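Visitor: Structure in structure tokens, see below.
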Amino acid sequence: MSDPLPYRIAALVYLFNAQGELLLLHRRRSPNKDLFSPIGGKLEQSQGESPFQCAIRETFEEVGITLGASELRVCGIISEKAFEGHGHWLMFCFEALTPQTFPARDIPEGRLEWVPPQQVPTLNIPDTDRHIIWPLMLDHSRMLSRHNANNKGSTANATASEPFYAHIDCSNPKQLAVHCEYPVAKHWVVPLA
């Protein structure tokens, strides 16, 4: 018997420049058409591709830069139940450990743009990103923590050394039920408009 909502596995890659800006893709294609999201894509499961291999491949395909596995860090893992009612997602959230430099530009999937982190919540992004994934990335990104510490003369955020794991139940169109399992177990509900 086939699962009507199979898991799709993806890698999201958060790239930052020396100014601490995040690279986002203003998407022209589904999923998340017309929304901003980090670069990345689905694992080539038929090829036995690993999440790291997927992150490296997607970064090269979408941005044209080659990163090695040692230049990437897993910041967290997100599972989404019934995202947009079309399927479940398992997403590995990576960040590049060094600042990247290249101009904003158009690619087949959409437009790549550098965005200040404080502007991200004001953009047209998926509800799961706005309320859950982006706040977790803010807490767990070493690159953002280092950039903020350098600019404020303070120390880096201690939680940035820990990856996160969260499960988001998207099956109710009126709310997102969130279960953050690591590093601190907590549960909450995000009402949707």
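Using this note's numbering, you'd call the opening residue of the sequence shown number 962 and step up by one each time. Where is the CB? At the ideal position from N, CA and C, for every residue including glycine. The model shown is predicted, which means the values in this text are computed figures rather than measured ones.
#1: Would you call the CB atoms of I1000 and V1024 closer than 8 Å?
#2: Would you say A1057 and L976 are within 8 Å of each other, going by their C-beta atoms?
#3: Could you check whether the segment 983-993 touches the segment 1054-1073, counting it as contact only if at least three pairs of C-beta atoms, one from each stretch, sit closer than 8 Å?
#4: Just tell me which of L1073, G1037, T1059 has its CA closest to the CA of C1141.
#5: For L1033 and L973, what's the separation of their Cα atoms in angstroms?
#6: Is the segment 1126-1144 in contact with the segment 1040-1048, if contact means three or more CB pairs nearer than 8 Å?
#7: Identify whether F1063 lies in helix, strand or coil by the three-state DSSP scheme.
#8: In whole angstroms, give me the CA-to-CA distance for E1010 and R969.
#9: Where do the ends of the beta strand (DSSP E) carrying I1039 lie?
#10: Does the Cβ-Cβ distance between A1127 and L1097 come in under 8 Å?
#11: Could you check what DSSP says for D1100 in three-state terms: helix, strand or coil?
#12: For F1063, count neighbouring C-beta atoms within 10 Å of its own C-beta (all shown protein chains included) and say buried if the count is 16 or more, exposed if not.
#13: Measuring CA to CA, which of L1105, I1093, M1052, L1051 is closest to V1076?
#14: In the DSSP assignment, find the unbroken beta strand (DSSP E) run with C1054 in it and report its ends.
Guide: Working from what's here:
#1: yes
#2: yes
#3: yes
#4: G1037
#5: 11 Å
#6: yes
#7: coil
#8: 13 Å
#9: 1033-1044
#10: yes
#11: helix
#12: exposed
#13: L1105
#14: 1048-1057
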